[in-house]
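A.B. asks: Quick note on numbering: the numbering used here labels position 683 of the first sequence as 683, and the sequence is numbered without any gaps. By construction, the Cβ of each residue, glycine as well, lies at the ideal position given by its N, Cα and C atoms. So that we are looking at the same thing, I have put the structure below in structure tokens.
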Amino acid sequence: MKKELAKTYSPKEFEDRIYHEWEEKKYFRAEIDQKKKPYTIVMPPPNITGQLHMGHALDCTLQDILIRFKRMQGYCALWLPGTDHAALATEAKIVSAMKEEGLTKYDLGRDGFMERAWAWNDKYGGRIKEQQRRMGTSCDWSRDRFTMDEGCSRAVQKVFIDLYEKGLIYRGERIINWCPNCKTSISDIETEYEEQDGFFWHINYPLSDGSGAVEIATTRPETLLGDTAIAVHPDDERYKNIIGKNVKLPLTDREIPVIADEYVDMEFGTGVVKITPAHDPNDFEVGRRHDLPIIHMMNDDATIKEGVGGKYAGMDRYEARKAMVADLEEQGLLVKVEPHRHNVGTCQRCGTTVEPTASLQWFVRMKELAKPAIDVVKSGELRFIPQRFENSYFVWMENIRDWCISRQIWWGHRIPAYYCQNKECGHTEITLDGIDKCPKCGGKMVQDEDTLDTWFSSALWPFSTLGWPDKTEDFEYFYPTSALVTGYDIITFWVSRMIFSGLEHTGKKPFSDVLIHGLVRDEQGRKMSKSLGNGVDPLDIIDRFGADALRLTLVTGNAPGNDMRWTETKVTNSRNFANKLWNASRYILMNLPEEMTGAVLPDDLPIEDKWVLSLYNGLIKTVTSNLESYELGIAVQNICDFIRDIYCDWYIELTKPRIAQGGETARAAQNVLVYIMQGMLKLLHPFMPFITEEIWQSMPISGDGNRESIMISDWPQASDELDFPAEQDSFGKIVDAIGAIRAQRSELNVPPSRKISLVAETSYTELFKSAEPFFEKLAGIGEFTVTAKAEDNGDSITLVTDAARLFIPTGELIDKQRELARLEKERAAAEKDISFLSGKLNNPGFLAKAPAAQIENERNKLAKAQEKMEKILISIEKLK
RNA sequence: GGAAGUUUAGCUCAGCUGGGAGAGCAUCUGCCCUACAAGCAGAGGGUCAUAGGUUCGAGCCCUAUAACUUCCACCA
Numbered sequence: 001m002k003k004e005l006a007k008t009y010s011p012k013e014f015e016d017r018i019y020h021e022w023e024e025k026k027y028f029r030a031e032i033d034q035k036k037k038p039y040t041i042v043m044p045p046p047n048i049t050g051q052l053h054m055g056h057a058l059d060c061t062l063q064d065i066l067i068r069f070k071r072m073q074g075y076c077a078l079w080l081p082g083t084d085h086a087a088l089a090t091e092a093k094i095v096s097a098m099k100e101e102g103l104t105k106y107d108l109g110r111d112g113f114m115e116r117a118w119a120w121n122d123k124y125g126g127r128i129k130e131q132q133r134r135m136g137t138s139c140d141w142s143r144d145r146f147t148m149d150e151g152c153s154r155a156v157q158k159v160f161i162d163l164y165e166k167g168l169i170y171r172g173e174r175i176i177n178w179c180p181n182c183k184t185s186i187s188d189i190e191t192e193y194e195e196q197d198g199f200f201w202h203i204n205y206p207l208s209d210g211s212g213a214v215e216i217a218t219t220r221p222e223t224l225l226g227d228t229a230i231a232v233h234p235d236d237e238r239y240k241n242i243i244g245k246n247v248k249l250p251l252t253d254r255e256i257p258v259i260a261d262e263y264v265d266m267e268f269g270t271g272v273v274k275i276t277p278a279h280d281p282n283d284f285e286v287g288r289r290h291d292l293p294i295i296h297m298m299n300d301d302a303t304i305k306e307g308v309g310g311k312y313a314g315m316d317r318y319e320a321r322k323a324m325v326a327d328l329e330e331q332g333l334l335v336k337v338e339p340h341r342h343n344v345g346t347c348q349r350c351g352t353t354v355e356p357t358a359s360l361q362w363f364v365r366m367k368e369l370a371k372p373a374i375d376v377v378k379s380g381e382l383r384f385i386p387q388r389f390e391n392s393y394f395v396w397m398e399n400i401r402d403w404c405i406s407r408q409i410w411w412g413h414r415i416p417a418y419y420c421q422n423k424e425c426g427h428t429e430i431t432l433d434g435i436d437k438c439p440k441c442g443g444k445m446v447q448d449e450d451t452l453d454t455w456f457s458s459a460l461w462p463f464s465t466l467g468w469p470d471k472t473e474d475f476e477y478f479y480p481t482s483a484l485v486t487g488y489d490i491i492t493f494w495v496s497r498m499i500f501s502g503l504e505h506t507g508k509k510p511f512s513d514v515l516i517h518g519l520v521r522d523e524q525g526r527k528m529s530k531s532l533g534n535g536v537d538p539l540d541i542i543d544r545f546g547a548d549a550l551r552l553t554l555v556t557g558n559a560p561g562n563d564m565r566w567t568e569t570k571v572t573n574s575r576n577f578a579n580k581l582w583n584a585s586r587y588i589l590m591n592l593p594e595e596m597t598g599a600v601l602p603d604d605l606p607i608e609d610k611w612v613l614s615l616y617n618g619l620i621k622t623v624t625s626n627l628e629s630y631e632l633g634i635a636v637q638n639i640c641d642f643i644r645d646i647y648c649d650w651y652i653e654l655t656k657p658r659i660a661q662g663g664e665t666a667r668a669a670q671n672v673l674v675y676i677m678q679g680m681l682k683l684l685h686p687f688m689p690f691i692t693e694e695i696w697q698s699m700p701i702s703g704d705g706n707r708e709s710i711m712i713s714d715w716p717q718a719s720d721e722l723d724f725p726a727e728q729d730s731f732g733k734i735v736d737a738i739g740a741i742r743a744q745r746s747e748l749n750v751p752p753s754r755k756i757s758l759v760a761e762t763s764y765t766e767l768f769k770s771a772e773p774f775f776e777k778l779a780g781i782g783e784f785t786v787t788a789k790a791e792d793n794g795d796s797i798t799l800v801t802d803a804a805r806l807f808i809p810t811g812e813l814i815d816k817q818r819e820l821a822r823l824e825k826e827r828a829a830a831e832k833d834i835s836f837l838s839g840k841l842n843n844p845g846f847l848a849k850a851p852a853a854q855i856e857n858e859r860n861k862l863a864k865a866q867e868k869m870e871k872i873l874i875s876i877e878k879l880k
């Protein structure tokens, strides 16, 4: 029912209220309807450690736009929300919170710690959902999921077992990245390399036969405790004679062999490499080829191990390095120290320098899984928007290495592997049900202590959330999902893993389109980060400007995959636009008759109504196609431009005289005003859901829109009945003429309050005559004459459009020179046009090869330019 | 070392498959015209990074160059 709009736009007054209404009325719920087509988006689950930041706000906005658009288009639209347990990130937070109480996780034990972790989830898991509600997210909260809830956990276990049975998961000793602070393995992509200044220590390893020493160069001298060989290139003439000999390993009493391996680069360093299989990936491979022993020389906290470390045992790795270098120097084995800049791997979570370590871990064999995941994108069945991101996806997938999925932490899905404690037997059993007795030997079975990489569960998100592995109704109906919206920063972590997991476990791609967005940066283009303190809090922006303004800001002028800079003036602009729309609506409502119940377009409409309807019809087509091709920024630009420039600045102003006049003509205008307003609100609704709903509910709504909420109204359809190309073109001539007069008035500093006379000479006399009220109202014309042939006495200012010559009599003598100069400028401009266009049309190549429509178009432009030129020339002649 | 992106008005950025360069902000001018000064009407401002090429026609396609950004790999 119609209700009053508040005097000023203050989103605080209605945003929360409207959201609750929507939620109460269950508009967000996707009820399966076999008559409708499904449209599904699964939300990238935010971490339970987090709170809403600009990245989420952007992510949220884009998804909400798509889902609201599709819902209005008549799809059964499901947006499925949820949260991620974020294994290591969360555990680290809990551990550090406990530290303040003076507790470690070992004080609590595994069960006690898990209790805390679940309590943490209860406390913080819900927070971000409240924040998302404030953004206006229309997701189906009844289907809310968590990566560690029962269903998702079951999917994880099932996948683990399936992969194991297919031989795609194995346990083995490999070099992994070990974080000595988090005390867990991390995967390759969780390791971030940063360039650091370091040194090259040149150390002499004495030959055991006393025939001299071999100089090696290393950046990590402490690892020599784990050396089990030194290597040279087999073709290296310098060292051929020492291959097979032994060297004395400094600071120890061990002797190790000199081996030959092609891995060694003769050009680099001294051409001799120390081989530490336990602490370097390449050395590990060399060690395997040469069957070298693996000596672990560090504990899990990166202190030197008892037993191998001698006097250095117990020291931290850097402390040991210092001590060892000092000792080497003392023994005369240190040849030299060179500064050296190199890349050092650090832990993505805590920044600690990782220690590559040979360790017994679980891995997913990736080669086989990667292939179909590459093919599905290559074939175009699954696409990235923008497409360029497919490139890095391919590069990563094609060079993929096995994925280390076991983590030495407690918060996560525990690996369903059980090991027989009987050393003779050593049987491994993978099972969903706990098992304590070995099926082979009857010995005691103990479950693997480790949990799974957090991405192992998020990789299953598109189907685990829909009930898989059960063939639920949801899964059957909504899967595969339609679009995935996420930032380019997690394509490898997440998107790629969902793709191969979906294909492997469900036999189908998990989604069709991946819409990639960029990062929201600060005003100086820096990443928003906690350490810099340059983050902008979306909630603060919502408090001050409203969620609609925030959303509009995030989507305006942004193209897929591109970063954007955050500035507050952008939000002010968005808020100003909202205010504009608000006031336009208020104006319309103020002038509507009480009894009006809906907008009905009369059969017989004046030209300006047809003009605006025709433009509006074009807008529907453009915006719909923009949205369908993920051009969200362009779509919203088009909508806003129309609302501001066409609807407010022109059409409302055009109808004011009619409204004031009252009667039939006013009634028609009111109907058109409301009709288009409804349509604009619908088009804008996905972008600015709150304000459009608030206005919608205050409007007299009829027809298909006679519903209680814009959210569930139908998306506007372009139609031939709204298409008036002739009127659109004709009225364009009036708009041109008024524009020309306004510009001239402004140039001459004629105040808007002062009426001027106008004589219009045109062949469109009827058209111009009928437009008199517009000239009066919008161009400040007092006396208005339209004629097919004007008496040109040379005492008027003459404006020329391609449809008319417009004379503004000055009353007194005009400055002939100045007027001539102005006309001369116009003539030059017209001449430039003509020469450009006729040049084009005289070009045989253009005529032969350009499409016919293009040629026709250029011909029309030329004809108009020539008409205009004729008029200008006449005026110049008269003036002279 | 490999790859991708960016370079367009003073600033922030659009510009879909090639058809005479756009928006917002900022600047300047004039306006409180009963929806809106969070506004209205105008104006100025660009060799589309550089050099070649393809084409009837290039901001857009190709090649090279420069600067900046990012991702991947990682030689001890």
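With DSSP as the reference, label S835 as helix, strand or coil.
C.D. replies: In the first sequence, the residue the question calls residue 835 occupies position 835. Of the three classes helix, strand and coil, the one that applies to S835 here is helix, per DSSP.
A.B. asks: On the CB-based measure, 16 or more other CB atoms within 10 Å of its CB, does T223 come out buried or exposed?
C.D. replies: Numbered from 1 along the first sequence, position 223 holds the residue referred to as residue 223. Buried.
A.B. asks: Quick one: Cα of N793 to Cα of F687, how far?
C.D. replies: Position 793 of the first sequence, counted from the first residue, corresponds to residue 793. Position 687 of the first sequence, counted from the first residue, corresponds to residue 687. Using only the alpha carbons, I get a separation of about 56 Å.
A.B. asks: Where are the beta strand (DSSP E) runs, 3 residues long or more, that stay fully inside the segment 758-834, in chain order?
C.D. replies: Complete beta strand (DSSP E) runs here, min 3: 781-787, 796-800, 804-809.
A.B. asks: For L225 and K129, I'd like the C-alpha separation in whole angstroms.
C.D. replies: Locating residue 225 in the first sequence gives position 225, where the first residue counts as 1. Locating residue 129 in the first sequence gives position 129, where the first residue counts as 1. Taking the straight line joining both Cα atoms gives about 51 Å.
A.B. asks: I'd like the span of the alpha helix (DSSP H) that includes M114, first residue to last.
C.D. replies: If you number the first sequence from 1, residue 114 lands on position 114. Residues 105-125.
A.B. asks: Going by beta carbon distance, what residues of the same chain come within less than 8 Å of S614, once the five residues before and after it are set aside?
C.D. replies: Locating residue 614 in the first sequence gives position 614, counting from the first residue. Counting only Cβ-Cβ distances below 8 Å, and skipping sequence neighbours, we find L722, D723, F724, P725, E727, Q728.
A.B. asks: From the DSSP output, read off the bridge partner residues of R174.
C.D. replies: Start at 1 with the first residue of the first sequence, and residue 174 comes out as number 174. Paired residue(s): S359.
A.B. asks: Excluding the 5 residues preceding and the 5 following P81 in the sequence, name in chain order all residues of the same chain whose CB lies nearer than 6 Å to its CB.
C.D. replies: Along the first sequence, one-based indexing puts residue 81 at 81. Taken in chain order, the residues that qualify are M43, C139, D144.
A.B. asks: Are there three or more Cβ pairs, one per stretch, closer than 8 Å when the segment 644-660 is compared with the segment 508-528?
C.D. replies: Too few Cβ pairs lie closer than 8 Å, so no.
A.B. asks: According to DSSP, is R407 helix, strand or coil?
C.D. replies: In the first sequence, residue 407 corresponds to position 407, counting from 1. Three-state DSSP puts R407 in a strand.
A.B. asks: Exposed or buried, what is M711 when buried is set at 16 or more other beta-carbons lying within 10 Å of its beta-carbon?
C.D. replies: Your numbering for residue 711 matches position 711 in the first sequence. M711 is buried by the Cβ-count criterion.
A.B. asks: Quick check: what's the CA-CA separation for W611 versus W582?
C.D. replies: As a working mapping, residue 611 is identified with position 611 in the first sequence. As a working mapping, residue 582 is identified with position 582 in the first sequence. The alpha-carbon atoms of W611 and W582 are separated by roughly 24 Å.
A.B. asks: If you count every other CB in all the chains shown that lies within 10 Å of the CB of M298, and 16 or more means buried, which is it?
C.D. replies: Position 298 of the first sequence holds residue 298. The residue in question, M298, is buried, as its Cβ has 16 or more Cβ neighbours within 10 Å.
A.B. asks: Find the nearest neighbour of F146 within the set E877, S458, V571, T506, judged by alpha-carbon distance.
C.D. replies: Reading the first sequence from its first residue, position 146 is the one you call residue 146. When only C-alpha atoms are compared, the closest one is S458.
A.B. asks: Is it the case that the CB of K440 approaches a heavy atom of the ligand PLP more closely than 7 Å?
C.D. replies: As far as ligands go, the structure on display features none, and thus does not contain the ligand PLP.
A.B. asks: Under the three-state reduction of DSSP, which class applies to I94: helix, strand or coil?
C.D. replies: As a working mapping, residue 94 is identified with position 94 in the first sequence. Helix at I94.
A.B. asks: CB I405 to CB M366, shorter than 8 Å?
C.D. replies: Taking the first residue of the first sequence as position 1, residue 405 is located at position 405. Taking the first residue of the first sequence as position 1, residue 366 is located at position 366. Against a cut-off of 8 Å, the Cβ pair of M366 and I405 comes out as no contact.
A.B. asks: Taking only the alpha-carbon atoms, compute the straight-line gap between V571 and K682 and give it to the nearest angstrom.
C.D. replies: On the first sequence, position 571 is the one that residue 571 refers to. On the first sequence, position 682 is the one that residue 682 refers to. Going from the Cα of V571 to the Cα of K682 covers about 22 Å.
A.B. asks: Which one or two residues does DSSP pair with T191 in a beta bridge?
C.D. replies: Translated into positions along the first sequence, residue 191 becomes position 191. C347.
A.B. asks: Following the continuous alpha helix (DSSP H) through E664, name the residue where it begins and the one where it ends.
C.D. replies: By 1-based counting over the first sequence, the position of residue 664 is 664. Run containing E664: 663-684, per the alpha helix (DSSP H) assignment.
A.B. asks: Tell me the residue span of the alpha helix (DSSP H) that contains K322.
C.D. replies: Position 322 of the first sequence, counted from the first residue, corresponds to residue 322. That run of the alpha helix (DSSP H) goes 317-330.
A.B. asks: Have a look at D59, I499, A584 and flag the residue whose alpha-carbon is nearest the alpha-carbon of L5.
C.D. replies: If you number the first sequence from 1, residue 5 lands on position 5. It is A584.
A.B. asks: Take M1 and list the residues in its own chain whose beta-carbon comes closer than 6 Å to its own, dropping the five residues that flank it on each side.
C.D. replies: Here residue 1 corresponds to residue number 1 of the first sequence, with the count starting at 1. Caution applies to M1, whose pLDDT of 40 falls short of 50 and renders its modelled position unreliable; the value that the coordinates give is listed next. Here the set comprises nothing.
A.B. asks: For N246, collect the residues of the same chain with a Cβ closer than 6 Å to its Cβ; drop the 5 residues on either side in sequence, then sort them by chain order.
C.D. replies: Along the first sequence, one-based indexing puts residue 246 at 246. Once the five neighbours on either side are set aside, the close Cβ partners of N246 are S208, E255, P257.
A.B. asks: Looking only at its own chain, which residues have a Cβ that is under 8 Å from the Cβ of A669, when we skip the five neighbours before and after it?
C.D. replies: Within the first sequence, the letter at position 669 stands for residue 669. D609, T655, R658, I659, listed in sequence order.
A.B. asks: Answer with buried or exposed for D604, where buried requires no fewer than 16 other C-beta atoms within 10 angstroms of its C-beta.
C.D. replies: Here residue 604 refers to the residue found at position 604 of the first sequence. Under this definition D604 is an exposed residue.
A.B. asks: Is I797 near E824, with beta carbons less than 8 Å apart?
C.D. replies: As a first step, residue 797 is located in the first sequence; it is residue number 797 there, counting from the start. As a first step, residue 824 is located in the first sequence; it is residue number 824 there, counting from the start. No. Outside cutoff.
A.B. asks: Using the beta-carbon count (16 or more within 10 Å), is D84 buried or exposed?
C.D. replies: Working through the first sequence from its first residue, we reach residue 84 at position 84. Its Cβ being crowded by 16 or more others within 10 Å, D84 is buried.
A.B. asks: Report the partner residues of D197 according to the DSSP bridge assignment.
C.D. replies: Position 197 of the first sequence, counted from the first residue, corresponds to residue 197. R341, per the DSSP bridge assignment.
A.B. asks: Grab the span of the alpha helix (DSSP H) containing M445 for me, first residue to last.
C.D. replies: For this step, residue 445 is matched to residue 445 along the first sequence. Run containing M445: none in the alpha helix (DSSP H); it sits in the beta strand (DSSP E), 445-447.
A.B. asks: In the structure shown, what three-state DSSP assignment does K864 receive?
C.D. replies: Taking the first residue of the first sequence as 1, we reach residue 864 at position 864. DSSP places K864 in helix when its eight states are reduced to three.
A.B. asks: Assuming D714 and G74 are in contact, meaning their beta carbons sit under 8 Å apart, how far apart are those beta carbons, in whole angstroms?
C.D. replies: Indexing the first sequence from 1 puts residue 714 at position 714. Indexing the first sequence from 1 puts residue 74 at position 74. Indeed, because the Cβ distance is near 7 Å, the residues count as touching under 8 Å.
A.B. asks: Tell me the rounded alpha-carbon separation between E15 and Y630.
C.D. replies: Sequence index remark: in the first sequence, residue 15 carries index 15 (1-based). Sequence index remark: in the first sequence, residue 630 carries index 630 (1-based). If you take the alpha carbons of E15 and Y630, they lie about 26 Å apart.
A.B. asks: What does a CB cutoff of less than 6 Å around P689 pick up in its chain, not counting 5 residues either side in sequence?
C.D. replies: Mapped onto the first sequence, residue 689 falls at position 689. Here the set comprises G136.
A.B. asks: Helix, strand or coil for P257, going by three-state DSSP, please let me know.
C.D. replies: Residue numbering aside, residue 257 sits at position 257 when the first sequence is read from its first letter. P257 falls in the strand class under three-state DSSP.
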